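Peer 1: Using our numbering, the first residue of the sequence shown is number 1024, and each one after it goes up by one.
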Amino acid sequence: MPVTGMAIETVSQLWGRTKNGYNRGLVSGGSSGGEGALVGMHGSPMGIGTDIAGSIRVPCAFNGLYGIRPSTRRLSYDGITSNVKGGRSIPAAIGPMCHSIRDTELICQVVTRAEPWKVDPGVVQKAWTSRPDIPTRLSIGVMEFDGVVMPHPPILKRLREAVERLKSAGHEVVTFKPYQHQRAWDIAYPLYYATGGKEMQALLDATGEPWPPAAAKLSANPELRELSARELYHLFNEQDTYKKEYLKHWNDTSKLTSSGRPIEALLCPINPCASYPHDFLTWWGYAAQWNLLDYPGVIVPVGFVDKNKDLKDESYKPVNDTDKAHHELYDPELWHNAPISLQLVGRQFEDEKLLAVSAVVDKVINRR
1024 MPVTGMAIET VSQLWGRTKN GYNRGLVSGG SSGGEGALVG MHGSPMGIGT
1074 DIAGSIRVPC AFNGLYGIRP STRRLSYDGI TSNVKGGRSI PAAIGPMCHS
1124 IRDTELICQV VTRAEPWKVD PGVVQKAWTS RPDIPTRLSI GVMEFDGVVM
1174 PHPPILKRLR EAVERLKSAG HEVVTFKPYQ HQRAWDIAYP LYYATGGKEM
1224 QALLDATGEP WPPAAAKLSA NPELRELSAR ELYHLFNEQD TYKKEYLKHW
1274 NDTSKLTSSG RPIEALLCPI NPCASYPHDF LTWWGYAAQW NLLDYPGVIV
1324 PVGFVDKNKD LKDESYKPVN DTDKAHHELY DPELWHNAPI SLQLVGRQFE
1374 DEKLLAVSAV VDKVINRR
């Protein structure tokens, strides 16, 4: 667990820096990066993480694991320590980090079978349905680029290979156009730091610890400040408006599918990188986008970076400074043997359906 929790890598004064077991020059992800590294190296059969901006999905992806960031309130968050308690706009979710879809489903089943809503008012009273019926021929949306940061070549290559395998297996794949993802981040970022980071700073002041370098870059933004109640209400309204627009955008995929149904799931990256060097401030958008909307996300491993095959695209022209920083960062030698994973996204509270779809996609992509 990183200091402050709000970091996509894991480093603290208590445990030092957690490295990626597949490539020690890269991060294990965060904030559940310790759990990701432990389970990824088979030090534990499964783990539990929390996710407010990718902290289950990113460590799963960087350590070759399966996992789900379920819709918030599906699994009990009661008793979890947090530096953002009381936050309502983008609440954190808790979920499993495992070596298979089967194990991921099992953990969710076991936890909900205990009927946690009887003791935790924050849990939705909804039993877990094991493997609900899904269409034999799936309609899957695919998004390669969110319009902000282009994923590195290994991720694009595996995503395109996945698309071809799904098509060959008889499933329908349609192009999903991102809907104003930069706008989503512009709403999410101030909501993550609505108090100007004061809770986090107070915790650091109490121990004398510094901010982790990557988190320090985010918190040092001169535009970051404590928001007034009026400003918060405005952001809540912006979030609600965006969620409604995105739902329509998703529903409109029914015009693209042969069945006339909206897509069953969206296949996309979870991060622009298959991990990254320590202290780099990565783009959170491929993960945080779905936290803002409260859409569940499942991670499926699809391979490893090969320095001889996953070469840098020297012809690519970045579209902004953040995109440029990520593009210039990529080095096949540095990333060699890093796990590559993809993300499947579903609609709010369709967690069981998403896992059922993910099981089919996993079988097709990984030829199990």
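From the three backbone atoms N, C-alpha and C, an ideal C-beta is built for every residue, glycine too.
Keep in mind it's a predicted model, so treat the numbers as computed, not measured.
Take isoleucine 1113 and list the residues in its own chain whose beta-carbon comes closer than 7 Å to its own, dropping the five residues that flank it on each side.
Peer 2: So the list reads Ile1075, Ala1211, Leu1214, Tyr1215, Asn1314, Leu1315, once near-sequence residues are dropped.
Peer 1: Would you mind reading off the limits of the alpha helix (DSSP H) that contains glycine 1059?
Peer 2: Residues 1056-1063.
Peer 1: Quick one: using the 10 Å Cβ neighbour count with 16 as the cut-off for buried, is aspartate 1156 buried or exposed?
Peer 2: Burial call: exposed.
Peer 1: Check the C-beta distance from isoleucine 1322 over to leucine 1088 and give it rounded, since I have them as a contact under 8 Å.
Peer 2: The pair is a contact, with the Cβ atoms about 7 Å apart (cut-off 8 Å).
Peer 1: Quick one, which of Asp1329, Tyr1339, Ser1162 has its alpha-carbon nearest arginine 1284's?
Peer 2: Ranking the options by Cα distance to arginine 1284, first place goes to Ser1162.
Peer 1: Buried or exposed, going by whether 16 or more other CB atoms sit within 10 Å of the CB of threonine 1305?
Peer 2: It counts as buried.
Peer 1: Note down, in chain order, each residue of its chain lying with its Cβ closer than 7 Å to the Cβ of leucine 1279, except the 5 sequence neighbours on either side.
Peer 2: If we look at leucine 1279 and ignore the five residues flanking it on each side, its Cβ neighbours are Val1197.
Peer 1: If you drop the 5 nearest sequence neighbours on each side, which residues of the same chain put their C-beta closer than 6 Å to that of glutamine 1312?
Peer 2: Answer for glutamine 1312: His1204, Ala1207, listed in chain order.
Peer 1: Shortest alpha-carbon distance to proline 1119 belongs to which of Arg1390, Pro1082, Pro1144?
Peer 2: Here the closest residue by C-alpha is Pro1082.
Peer 1: Quick check on DSSP: helix, strand or coil for lysine 1042?
Peer 2: Correct three-state label for lysine 1042: strand.
Peer 1: Thinking C-beta only, is lysine 1330 closer than 8 Å to proline 1355?
Peer 2: Against a cut-off of 8 Å, the Cβ pair of lysine 1330 and proline 1355 comes out as a contact.
Peer 1: Report the CB separation of glycine 1170 from proline 1201 in whole angstroms; it is logged as a contact under 8 Å.
Peer 2: The pair is a contact, with the Cβ atoms about 5 Å apart (cut-off 8 Å).
Peer 1: Comparing alpha-carbon positions, which option in Val1142, Gly1077, Glu1058, Glu1351 lies nearest isoleucine 1071?
Peer 2: Checking every option, the nearest Cα to that of isoleucine 1071 belongs to Glu1058.
Peer 1: Which of the three DSSP states is assigned to phenylalanine 1085 in this structure?
Peer 2: Correct three-state label for phenylalanine 1085: helix.
Peer 1: Leaving aside the five residues before and after histidine 1349 along the sequence, list all residues of the same chain whose C-beta is less than 6 Å from its C-beta, in chain order.
Peer 2: Excluding residues within five positions, the ones whose Cβ falls inside 6 Å are Val1172, Pro1295.
Peer 1: Would you say valine 1368 and leucine 1270 are within 8 Å of each other, going by their C-beta atoms?
Peer 2: Against a cut-off of 8 Å, the Cβ pair of leucine 1270 and valine 1368 comes out as no contact.
Peer 1: For isoleucine 1071, which residues does DSSP report across the bridge?
Peer 2: Beta-bridge pairing links isoleucine 1071 to Pro1119.
Peer 1: If you run the structure through DSSP and keep just helix, strand and coil, what is proline 1154?
Peer 2: The residue asked about is misnamed: residue 1154 is arginine in this sequence, not proline. Residue state, collapsed to three classes: coil.
Peer 1: How would you write the range of the beta strand (DSSP E) that leucine 1290 sits in, first residue to last?
Peer 2: Element bounds for leucine 1290: 1288-1291.
Peer 1: So the candidates are Gly1063, Glu1184, Val1034; which of them puts its Cα closest to the Cα of alanine 1361?
Peer 2: For alanine 1361, the nearest C-alpha among the options comes from Gly1063.
Peer 1: Apply the 10 Å Cβ neighbour rule to aspartate 1374 and answer buried if 16 or more other Cβ atoms are within range, or exposed otherwise.
Peer 2: Label assigned to aspartate 1374: buried.
Peer 1: Quick check: the Cα distance between lysine 1335 and glutamate 1254, rounded to an integer number of angstroms?
Peer 2: Answer to the nearest angstrom: the Cα atoms are 43 Å apart.
Peer 1: Runs of 3 residues minimum, wholly inside the segment 1261-1341: which ones carry the beta strand (DSSP E) assignment?
Peer 2: List check, beta strand (DSSP E) in window: 1288-1291, 1320-1327.
Peer 1: For phenylalanine 1168 and threonine 1276, which I take to be in contact (beta-carbon distance under 8 Å), what is that distance rounded to the nearest angstrom?
Peer 2: Not really, about 17 Å apart at Cβ, beyond 8 Å.
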